[in-house]
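Student: My questions all concern the structure below.
Residue numbers (UniProt numbering): 1 to 85.
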């Protein structure tokens with residue numbers, strides 16, 4: 001796992017967001033297919049409910065700006081910081 005992917009995983013783990021990951025470094029066709037599909041040249045790529053969100057920089061920025069909880073709440077995915085309803 002590269003450092004950028006590790007950053008995303010740490011953020012998701014910190015917020016207790018369930019996720020599924022795929023090691024695209026083990027499969028060249030998958031890696032290139034994902035890049036082509038999203039029109040995004042780098043890995044990792046984060047998808048939420050089937051929609052491309054961005055990569056490591058975007059996730060790190062959302063985390064630092066305190067936007068992660070609101071974003072996941074809007075997607076119907078509670079985090080450990082979500083308000084209890």
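For each residue, glycine too, the CB sits at the ideal point set by N, CA and C. All figures in this text were calculated on a predicted structure; none of them were measured in a lab.
1) Between residue 63 and residue 29, what straight-line distance do the alpha-carbon atoms span, to the nearest angstrom?
2) If you follow the alpha helix (DSSP H) that residue 51 is part of, which residue opens it and which one closes it?
3) Report the partner residues of residue 47 according to the DSSP bridge assignment.
4) Buried or exposed for residue 59, please, with buried defined as at least 16 other CB atoms from any protein chain shown within 10 angstroms of its CB.
5) Taking buried to mean at least 16 other C-beta atoms within 10 Å of its own C-beta, is residue 72 buried or exposed?
Tutor: Reading from the atomic positions:
1) For the purposes of this step, residue 63 is taken as residue 63 along the chain shown, with counting starting at 1. For the purposes of this step, residue 29 is taken as residue 29 along the chain shown, with counting starting at 1. Distance between the alpha carbons of residue 63 and residue 29 is about 31 angstroms.
2) Locating residue 51 in the chain shown gives position 51, where the first residue counts as 1. Premise fails: residue 51 lies in the beta strand (DSSP E), 51-54, not in any alpha helix (DSSP H).
3) Translated into the one-based positions of the chain shown, residue 47 becomes position 47. Checking the DSSP bridge columns, you'll see residue 47 partnered with 52.
4) As a position in the chain shown, residue 59 is number 59, starting the count at 1. Result: buried.
5) Sequence index remark: in the chain shown, residue 72 carries index 72 (1-based). The residue in question, residue 72, is buried, as its Cβ has 16 or more Cβ neighbours within 10 Å.
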